[in-house]
Amino acid sequence: MDSRESLNIQWYPGHMTKARRMIEENIRQVDAVCELLDARIPRASRNPDIDALAAGKPRLVILNRADLADPAVTARWKKQFAAQGLAVLECDAKSGRGVAGFAPAVRALLEEKRKEYEAKGQVGRALRVMVLGIPNVGKSTFINRVAGRKAALAGDRPGVTRGRQWIRVDAGLELLDTPGILWPKFESPEVGELLAITNAVKAEILDRETLGAHFMLRLRKHYPDALTERYKFTPDPEANGFELLEQAGRRRGFLVSGGEVDIERMAITLLNEYHEGKLGRLSLEAPDE
Ligand code: G4P
155 MDSRESLNIQ WYPGHMTKAR RMIEENIRQV DAVCELLDAR IPRASRNPDI DALAAGKPRL
215 VILNRADLAD PAVTARWKKQ FAAQGLAVLE CDAKSGRGVA GFAPAVRALL EEKRKEYEAK
275 GQVGRALRVM VLGIPNVGKS TFINRVAGRK AALAGDRPGV TRGRQWIRVD AGLELLDTPG
335 ILWPKFESPE VGELLAITNA VKAEILDRET LGAHFMLRLR KHYPDALTER YKFTPDPEAN
395 GFELLEQAGR RRGFLVSGGE VDIERMAITL LNEYHEGKLG RLSLEAPDE
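Numbering (the numbering used here), first residue to last: 155 to 443.
Here you go:
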């Protein structure tokens, strides 16, 4: 790969250290930890420190944005998380589909805990759950849905820390909202790329043309039919990502003077249309099986 093709994404370690400290300070106050993941990238959207941070707590994994993910792949992820001993739920916080399963899933997960509280005379003590997720995964939207009102402010910016907040779902269940946490350094360029394609890191900090070219290669490999259907071309098996953008852009009529294709415009269109679900339900990571 030449330098034009390499993506190098850095994060804001200061904010992340702060967020991690806040989690460490508050974890003792909760009965369970709920991780919100992007169903299209359940591995890349997961904080690699989560096992250490949540050690000893019952855990629930939520595969959010399931409306944008390939249902068959999501089903395989659910199996894998369940096999790891985690409770798992899929949902679409935007429309609300699947969210009603959250409170019952937490109660089932914490049935033992509730009995313990009762045995200690703490009848009716609310169960407390910490909600974690990387920025922009849909945490505010999810919490608003679960609490059934405008409970948390949506539209967080990546890396911006908010104060901690308890949110009452009902008399028996409270959520501790936390600022999204990300790792100080992405584990690999692949993780950075997946986070950028799914908008967890804002595309303006990247070269969108390069990102779009990388994305084209993924689509040709895993979902060539989606490309053909949406952009009316058969991806050339020999072409590089930029050439695929050119092919698609030509079909779209994204031409500039002299008949050349506006590749950047095509890259931005591709990323936006994926974000809006216009290419169909496409997952970008599969579980290791
Ligand atoms: P955060 O607190 O984790 O940072 O995320 P937030 O709730 O602000 O959600 C980020 C964006 O993702 C919001 O859109 C929200 O509507 C959308 N979103 C949340 N959950 C889902 C889901 O399950 N499916 C889909 N399709 N979208 C979801 P936004 O503010 O309009 O931004 P965007 O849509 O341009 O990203």
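Glycine included, every Cβ here is placed at the ideal spot set by N, Cα and C.
Item                                                                                                                                                                                : Value
What three-state label does DSSP hand alanine 306 in the structure shown?                                                                                                           : Note that alanine 306 scores a pLDDT of 49, beneath 50, so its modelled location is shaky and nothing firm can be said.
With the cut-off set at 7 Å, would you say arginine 213 and alanine 193 are in Cβ contact?                                                                                          : no
Would DSSP call glutamine 319 helix, strand or coil?                                                                                                                                : strand
Identify the continuous alpha helix (DSSP H) that holds alanine 380 and give its terminal residues.                                                                                 : 378 to 385
Are three or more beta carbon pairs between the segment 224 to 240 and the segment 378 to 389 nearer than 8 Å?                                                                      : no
What residue ranges within the segment 235 to 286 form continuous alpha helix (DSSP H) runs of no fewer than 4 residues, ordered along the chain?                                   : 256 to 263 and 265 to 273
Quick test of your reading: aspartate 246 and aspartate 224, contact by CB under 8 Å. State the CB separation rounded to the nearest angstrom.                                      : Between aspartate 224 and aspartate 246 the Cβ distance is about 14 Å, and since that is not below 8 Å, they are no contact.
Mind checking arginine 175: buried by the 16 CB within 10 Å criterion, or exposed?                                                                                                  : exposed
Can you tell me which residues form a DSSP beta bridge with alanine 186?                                                                                                            : Val283
Reducing DSSP to helix, strand and coil, say where arginine 230 ends up.                                                                                                            : helix
Give me, in chain order, the residues of the same chain whose beta-carbon lies closer than 7 Å to that of leucine 264; leave out the 5 immediate sequence neighbours on both sides. : Asp185, Ala186, Pro212 and Leu281
Confirm, please, whether the CB-CB distance from valine 323 to valine 446 is below 7 Å.                                                                                             : In the structure as shown, the chain starts at 155 and stops at 443, and residue 446 therefore has no counterpart that could be examined.
Just curious, the beta strand (DSSP E) that arginine 213 is in, first and last residue?                                                                                             : 213 to 218
Residues in its own chain within less than 6 Å of glutamine 234 by CB, not counting five upstream and five downstream?                                                              : Pro441
Would you mind sorting leucine 434 into buried or exposed? The rule is 16 or more other CB atoms within 10 Å of its CB.                                                             : What sits at residue 434 in the sequence shown is glycine, not leucine. With fewer than 16 other Cβ atoms within 10 Å, it is exposed.
Which residues in the same chain have their Cβ closer than 6 Å to the Cβ of phenylalanine 369, if we skip the five residues on either side of it in sequence?                       : Ile351
Using DSSP's beta-bridge definition, name the partner residues of aspartate 192.                                                                                                    : Asn218
Mind checking proline 196: buried by the 16 CB within 10 Å criterion, or exposed?                                                                                                   : buried
Do leucine 329 and valine 283 have their CB atoms nearer than 7 Å?                                                                                                                  : yes
Check whether the Cβ atoms of alanine 367 and phenylalanine 408 sit closer than 7 Å, and answer yes or no.                                                                          : no
Taking 6 Å as the limit between beta carbons, can you name the residues of its chain near lysine 267, skipping five residues before and five after?                                 : Asp185
Does the ligand G4P have a heavy atom nearer than 6 Å to the CB of arginine 435?                                                                                                    : no
Buried or exposed: glutamine 183, going by 16 or more other Cβ atoms within 10 Å of its Cβ?                                                                                         : exposed
Taking all protein chains shown into account, decide if glutamine 401 is buried (16 or more other Cβ within 10 angstroms of its Cβ) or exposed.                                     : buried
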